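Per UniProt numbering, the sequence shown runs over residues 1 to 265. Each residue gets a CB set at the ideal place from its N, CA and C atoms; glycine is no exception. Predicted, not measured: the structure shown is a model, and the values here were computed from it.
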Amino acid sequence: MNFTQLLTAVRQSAETVTVPADWAQGRAAFGGLMAAMVYEAMRARLVDERPVRSLAITFVGPAAPDVPISFEVEVLREGKAVSTLLGRAVQAGQVVTLVQGSFGAGRPSAVEVHAQPPLEMKPLDQAAPELPYIKGVTPEFMRHVALRWAIGGLPFSGNSSRHMGGWVRLRDVAEGPVDPAHLLALVDAWPPSVLPMLKQPAAGSTLTWTIEFVQPTPRLSTLDWCQYCVETEYARDGYGHASAALWTAEGELLALSRQTVTVFA
């Protein structure tokens with residue numbers, strides 16, 4: 001099943017969805033996919049089309065592939081402009097992913113601040129070739145996502161740069177408009193920002209993740225490449241703190257992201 005098919009499965013039957021093993025990230029299902037599926041379940045509970053403004057995501061435990069998952073949503077408050085929802089992915093009676101979401105309609109405002117431009121990076125045609133999917137080396141989910149490095153180093157390359165990033169898009173989806181579910185996958189497709197600093201393989205994963213979406217979402221196709229850059233702001237005691245952003249190829253801001261990551265090295 002590709003990304004679109006899994007989101008459709010959540011919309012059709014949130015009570016039981018099974019993530020195939022080819023979406024694995026180590027022993028767990030790909031976190032960006034898990035967040036996107038919870039988001040789809042949350043969006044289905046909205047009373048209108050108010051867009052998502054922010055999601056606060058906690059990966060409570062690993063969601064095992066090939067084991068049924070149920071998606072539960074609680075509407076905490078439905079205001080005139082803002083809705084606050086709590087979504088859970090539950091597997092074998094245990095919460096594996098928890099998402100608090102804020103959805104808010106726009107309103108007239110005297111405040112308008114333009115986004116910062118992307119950090120300068122190599123153009124797509126000068127970036128590194130697509131990182132290939134290599135069974136047993138790259139995570140299984142990488143067969144569904146294309147990454148082209150343009151800033152910083154690859155994981156475990158001993159690169160000391162605080163910055164990492166490049167170009168990203170989904171690999172096996174039909175052409176269509178991008179929505180926040182796709183952006184979740186594109187942002188989380190990148191490895192934890194501290195991994196390039198290591199000189200040998202070690203486990204690392206996202207613990208908590210907050211992402212804010214620019215609304216209205218710039219017009220974008222699922223086949224378009226996007227620019228991504230993350231900065232490691234601090235790391236110690238096995239945890240790292242990083243901020244990131246995702247832009248269109250033309251430099252329009254799509255999302256702002258913050259993550260706390262764990263690293264076992």
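V73 versus W209: straight-line alpha-carbon distance, rounded: In this model, V73 and W209 are separated by some 19 Å (Cα to Cα).
Residues in the same chain with beta-carbon distance under 6 Å from Y234, minus the five sequence neighbours each way, listed in chain order, please. Leaving aside the five residues that flank Y234 on each side, the residues in its chain whose CB is nearer than 6 Å to its CB run, in chain order, H241.
Compare the Cα-Cα distances from W190 to each of V173, L253, Y228 and P51 and report the closest residue. Measuring from the Cα of W190, the nearest candidate turns out to be Y228.
Taking only three categories from DSSP, how would you classify E231? If DSSP states are grouped into helix, strand and coil, E231 belongs with the strands.
Below 8 Å on the Cβ atoms is my contact criterion, and I expect W23 with F141 to pass it. Report the Cβ-Cβ distance as a whole number of Å. Confirmed, about 5 Å.
DSSP on E40, reduced to helix/strand/coil? Helix.
Using only alpha-carbon positions, find the residue among G176, A28, D188 and R27 that is nearest to V230. The shortest Cα separation from V230 among G176, A28, D188 and R27 belongs to D188.
Presumed contact (8 Å Cβ cut-off) between A185 and F3, rounded CB distance: Contact holds; Cβ gap of about 6 Å.
Check whether the Cβ atoms of L254 and V194 sit closer than 8 Å, and answer yes or no. Cβ atoms of L254 and V194: not closer than 8 Å.
Count the C-beta pairs between the region 34-51 and the region 138-153 that are closer than 8 Å, then say yes if the count reaches three, no if not. Because the criterion of three Cβ pairs below 8 Å is not met, the region 34-51 and the region 138-153 do not touch.
How many Å lie between L46 and V19 at the Cα? Taking the Cα positions, L46 is about 25 Å away from V19.
Mind checking which residues open and close the beta strand (DSSP E) that includes Q215? Unbroken run through Q215: none, as it is neither H nor E.
For Q100, the first and last residue of its enclosing beta strand (DSSP E): First-last of the beta strand (DSSP E) with Q100: Q94 to G104.
Need the endpoints of the alpha helix (DSSP H) that R169 sits in, please. DSSP places R169 in no alpha helix (DSSP H) but in the uninterrupted beta strand (DSSP E) bounded by H163 to L170.
Classify H182 as helix, strand or coil using the three-state DSSP reduction. Correct three-state label for H182: helix.
In the DSSP assignment, find the alpha helix (DSSP H) that holds A9 and state where it starts and stops. F3 to Q12 is the extent of the alpha helix (DSSP H) around A9.
Are the CB atoms of A28 and A64 within a distance shorter than 8 Å? Yes; because the gap between Cβ atoms is below 8 Å, this pair is in contact.
Where Y133 and M1 are concerned, what is the direct C-alpha to C-alpha distance, given to the nearest angstrom? So the alpha carbons of these two residues sit roughly 17 Å apart.
Would you list the one or two residues that DSSP bridges to W247? In DSSP, W247 forms a bridge with Q227 and L253.
Return the chain-ordered list of same chain residues with a C-beta closer than 8 Å to the C-beta of T217, the five sequence neighbours on each side being excluded. Excluding positions up to five away in sequence, the list reads P51, V178, D179, P180, L183 and L254.
Under a three-way DSSP split, which group does residue 285 fall into? The question about residue 285 has no answer, for the chain in this structure spans 1 to 265.
Alpha-carbon spacing of F156 relative to P192, whole angstroms: For F156 and P192, the distance between alpha carbons rounds to 11 Å.
For the region 65-92, list the beta strand (DSSP E) runs that are entirely contained and at least 3 residues long, ordered along the chain. The qualifying runs are 70-78 and 82-91.
In the structure shown, what three-state DSSP assignment does L207 receive? If DSSP states are grouped into helix, strand and coil, L207 belongs with the strands.
Quick check on R143: does DSSP put it in helix, strand or coil? DSSP places R143 in helix when its eight states are reduced to three.
Say yes only if the C-beta of M34 is nearer than 7 Å to one or more non-hydrogen atoms of the ligand FMN, and no if none qualify. Ligands displayed in this structure: none; no statement on the ligand FMN is therefore possible.
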